[in-house]
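In the working numbering, the protein residues as written are 7 to 554. Glycine included, each C-beta is placed from N, C-alpha and C at the ideal position. Fair warning: this is a prediction, and the values are worked out from it, not measured in the lab. Only one structure is covered here, and it is reproduced in the block below.
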């Protein structure tokens with residue numbers, strides 16, 4: 007007996023137009039069998055049809071402004087992280103700060119001050135892995151930002167180094183806890199078509215925090231008293247405080263609600279922010295619900311906080327966590343940590359010793375980096391994740407080679423220019439990916455734990471930056487760039503060989519990609535299908551226009 011043929015997208019569709027509300031200004035609805043279409047390619051074709059049938063929330067509508075409010079509140083979590091590294095780099099150049107704590111810009115104590123923040127982030131591994139799944143994404147953001155505000159207040163009022171270090175530890179703990187929850191939240195509430203730009207924007211707001219920190223440090227650095235360094239640390243708690251006050255007014259992640267049996271509420275949230283007419287019967291909602299129901303278990307490992315085995319259990323799980331590790335280590339050791347934390351020392355090496363000018367250049371670096379991050383965020387859903395990262399790594403290698411300090415002022419200034427350009431390239435390629443890629447490649451049940459793993463690896467590698475870089479800069483000066491250049495050269499072929507392309511795929515379709523024998527090639531095939539589908543639809547519309 008012959009095996010039954012696999013159904014096409016058209017064949018698995020039931021009663022097309024059965025609930026057609028197009029005559030009322032709506033969109034044509036499509037119904038699918040539970041779990042259908044049955045293959046990754048058919049699912050991608052169905053997704054394209056659903057997205058064409060329902061283009062989503064109209065621009066400038068009331069619901070679009072509500073969604074913009076959601077995004078703005080969540081972005082506060084990223085601004086927190088960007089603020090810290092830059093504010094410490096800025097106040098590290100202040101004589102008032104150095105004299106109060108008896109520090110030097112590149113001393114071992116400075117490494118401890120920077121490093122304790124990283125240790126706090128490493129300690130957040132278990133809070134990142136458990137709180138989002140236990141209490142929901144919103145409560146986890148709230149708890150993390152409460153810790154951050156408390157840490158900022160303690161550090162700003164410190165009367166000695168132990169109190170200052172304790173405050174920075176709490177700040178690191180809170181920043182990571184809130185940040186991981188924010189990534190999960192945006193990945194789960196945005197649509198497949200907009201997920202890349204919104205999560206990329208989340209990490210790009212890292213530089214908004216940098217800009218605010220470096221900008222505030224310019225005037226406060228001219229104060230004669232200790233408010234020169236205390237004031238910027240006070241300001242650090244403001245974005246987190248804003249999030250604390252507003253986050254509980256946001257809707258919860260629909261995927262988290264679904265796992266708690268609140269399917270009706272989850273459906274309403276998806277419909278409100280993914281459809282043209284707030285229609286729960288829209289094809290895009292039907293398709294997403296079918297996939298969520300297929301891939302999300304009501305008693306999965308996300309309910310067992312102690313269970314980390316699913317991150318490594320199968321070949322698919324290990325491939326996912328390997329990609330998360332690549333992004334964490336690759337983006338931490340690309341060379342950006344050298345500039346972000348120790349720009350003051352690099353400027354001293356180049357002969358720029360005026361603290362005021364150093365703070366101005368720190369501000370300029372934050373602005374140019376933010377521009378690079380915005381360009382990367384705007385491009386990620388068009389160029390794809392792989393293309394952006396590979397392009398950025400190549401550009402980083404070239405800029406790093408040209409960033410070496412010279413023997414005269416002109417060469418030194420040229421070297422500083424290429425350091426700034428280096429950060430633009432990093433921000434273009436890696437900044438959007440740090441939040442986006444780990445959230446995309448992890449399944450729902452492993453997402454919180456996977457992002458906690460990302461934080462652990464990222465901060466462990468940052469510990470090396472924090473404690474080793476002052477020593478390296480003191481002993482081998484500009485040759486430190488070579489170390490990062492070699493790492494980037496080695497990273498390039500690894501990224502090319504392993505990175506999959508999640509562009510335009512639903513989070514559940516990524517499960518199909520990783521279940522294949524070659525996930526990278528499987529993701530390429532889905533992208534090819536998506537392109538052909540779009541091309542066919544364009545030709546179909548042109549034909550209708552000609553007939554008309």
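Contact under 7 Å by Cβ, residue i with residue j
i: residue 178; j: residue 476; result: no
i: residue 89; j: residue 232; result: no
i: residue 154; j: residue 86; result: yes
i: residue 324; j: residue 318; result: yes
i: residue 157; j: residue 142; result: no
i: residue 290; j: residue 542; result: no
i: residue 383; j: residue 203; result: yes
i: residue 373; j: residue 460; result: no
i: residue 187; j: residue 138; result: yes
i: residue 152; j: residue 250; result: yes
i: residue 217; j: residue 238; result: no
i: residue 468; j: residue 124; result: yes
i: residue 148; j: residue 286; result: no
i: residue 402; j: residue 424; result: no
i: residue 437; j: residue 209; result: yes
i: residue 530; j: residue 392; result: no
i: residue 76; j: residue 247; result: no
i: residue 182; j: residue 127; result: yes
i: residue 227; j: residue 429; result: no
i: residue 213; j: residue 379; result: yes
i: residue 93; j: residue 219; result: yes
i: residue 52; j: residue 293; result: yes
i: residue 463; j: residue 334; result: yes
N- and C-terminal bounds of the alpha helix (DSSP H) containing residue i
i: residue 338; result: 321 to 338
i: residue 236; result: 233 to 252
i: residue 472; result: 450 to 482
i: residue 255; result: Segment: none, residue 255 is in no alpha helix (DSSP H) and carries neither H nor E.
i: residue 274; result: 269 to 280
i: residue 194; result: 167 to 195
i: residue 396; result: 391 to 407
i: residue 505; result: Looking at the DSSP string, residue 505 is not in any alpha helix (DSSP H), and its letter there is neither H nor E.
i: residue 357; result: From DSSP, residue 357 is part of no alpha helix (DSSP H); its letter is neither H nor E.
i: residue 512; result: Unbroken run through residue 512: none, as it is neither H nor E.
i: residue 562; result: Given that the chain is displayed from residue 7 to residue 554, the structure contains no residue 562 and the question cannot be resolved.
i: residue 557; result: Given that the chain is displayed from residue 7 to residue 554, the structure contains no residue 557 and the question cannot be resolved.
i: residue 263; result: 260 to 265
i: residue 229; result: Here residue 229 belongs to no alpha helix (DSSP H), and DSSP marks it neither H nor E.
Cβ neighbour criterion (16 or more within 10 Å) applied to residue i
i: residue 465; result: buried
i: residue 169; result: exposed
i: residue 494; result: buried
i: residue 150; result: buried
i: residue 98; result: buried
i: residue 308; result: Here residue 308 scores only 47 on pLDDT, less than 50, and its place in the model should not be relied on; the value that follows carries that caveat. With 16 or more Cβ atoms within 10 Å of its Cβ, residue 308 is classed as buried.
i: residue 453; result: buried
i: residue 82; result: buried
i: residue 534; result: exposed
i: residue 545; result: exposed
i: residue 357; result: exposed
i: residue 134; result: buried
i: residue 36; result: The predicted position of residue 36 is uncertain, since its pLDDT is 37 and thus under 50; a value taken from the coordinates is nonetheless stated next. Result: buried.
i: residue 515; result: buried
i: residue 509; result: buried
i: residue 103; result: buried
i: residue 442; result: buried
i: residue 433; result: buried
i: residue 12; result: Its pLDDT being 39, under 50, residue 12 is placed unreliably in this model, and the value from its coordinates should be taken loosely. Exposed.
Reference residue i, options the options, closest by Cα
i: residue 337; options: 440, 263, 284, 409; result: 440
i: residue 445; options: 243, 435, 458; result: 458
i: residue 297; options: 79, 513, 74, 58; result: 513
i: residue 273; options: 135, 205, 260, 237; result: 260
i: residue 258; options: 195, 93, 109, 140; result: 195
i: residue 449; options: 288, 193, 244, 502; result: 193
i: residue 421; options: 284, 152, 238, 355; result: 355
i: residue 346; options: 471, 223, 388; result: 471
i: residue 377; options: 402, 334, 431; result: 431
i: residue 160; options: 433, 144, 108, 241; result: 241
i: residue 243; options: 473, 478, 403, 163; result: 163
i: residue 58; options: 335, 198, 508, 271; result: 198
i: residue 200; options: 120, 366, 62; result: 62
i: residue 520; options: 485, 405, 321; result: 321
i: residue 499; options: 360, 180, 400, 523; result: 400
Distance cut-off 6 Å: residue i Cβ against heavy atoms of the ligand PLP
i: residue 73; result: Ligands are entirely absent from the displayed structure, and the ligand PLP is therefore not among its contents.
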